[in-house]
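See structure below.
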Amino acid sequence: MFFGAVVAPAAFGVLRSFGLPNANEIAGSIVTRSLSVINIAGFLIALLLLVTAILRRNSSGRISFIVECVCLGVIAVATGIGHWLIAARMRALRAAMELPIDQIAASDPRRIEFSSLHGYSVNVLGLAMIAALVALVLISRSLRN
Numbered sequence: 278m279f280f281g282a283v284v285a286p287a288a289f290g291v292l293r294s295f296g297l298p299n300a301n302e303i304a305g306s307i308v309t310r311s312l313s314v315i316n317i318a319g320f321l322i323a324l325l326l327l328v329t330a331i332l333r334r335n336s337s338g339r340i341s342f343i344v345e346c347v348c349l350g351v352i353a354v355a356t357g358i359g360h361w362l363i364a365a366r367m368r369a370l371r372a373a374m375e376l377p378i379d380q381i382a383a384s385d386p387r388r389i390e391f392s393s394l395h396g397y398s399v400n401v402l403g404l405a406m407i408a409a410l411v412a413l414v415l416i417s418r419s420l421r422n
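Okay, structure coming up:
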């Protein structure tokens, strides 16, 4: 959510300053590749932290342990869905279009689906980021005790 909101306009601005006609397409490719790394890393880190939370289960209270595990599970599921379902479908749609997305008619069903999936992608990553913030607070609190 935040990453895409910062990187896409920055990439677009830099590419547009060079007068590239396909700046949106290139910026979209940069963001897609970067989010791929973020989603996979988020998935793997969440699983690793979930295993370590279970191994150090006795060091925190029961409720905070449950909330921490739920948050880590949400991160893993959200980043997994974001990468292997939503982003995969977006890549398939992009490949199926003969032209860059900006040149496809706004009423085209593929572009409508792409825009809808983009919204889902932003929401899923935002959910993962909120869960990560809560998990981070709970982990740091339990390590202090």
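Residues in the sequence shown are numbered consecutively from 278, following the numbering used here.
Just so it is clear, CB atoms sit at the ideal spot from N, CA and C, and this is done for glycine as well.
Just so we're clear, the structure is a prediction, and the values are computed from it rather than from any experiment.
- Between L420 and A412, what straight-line distance do the alpha-carbon atoms span, to the nearest angstrom? Spanning the two alpha carbons is a distance of roughly 12 Å.
- Message: Whether or not the segment 321–331 and the segment 365–385 are in contact is what I'm after, with contact meaning three or more pairs of Cβ atoms, one per stretch, closer than 8 Å; do they touch?
- Response: The segment 365–385 makes no contact with the segment 321–331, as fewer than three CB pairs between them are under 8 Å.
- Query: Going by C-alpha distance, which of S306, P298, N316 is nearest A353?
  - Reply: The shortest C-alpha to C-alpha distance from A353 to any of S306, P298, N316 is the one to N316.
- Under 8 Å between C-beta atoms of L327 and C346: A contact, by the Cβ cut-off of 8 Å.
- Comparing alpha-carbon positions, which option in L376, L415, V314, R333 lies nearest R298? As written in the sequence, residue 298 is Pro, which differs from the Arg given in the question. Answer by Cα proximity: L376.
- Query: Taking C-beta to C-beta, are A405 and V344 nearer than 8 Å?
  - Reply: In this structure, V344 does not lie closer than 8 Å to A405 by Cβ.
- Euclidean distance between Cα positions of R333 and R339: C-alpha separation (whole angstroms): 12 Å.
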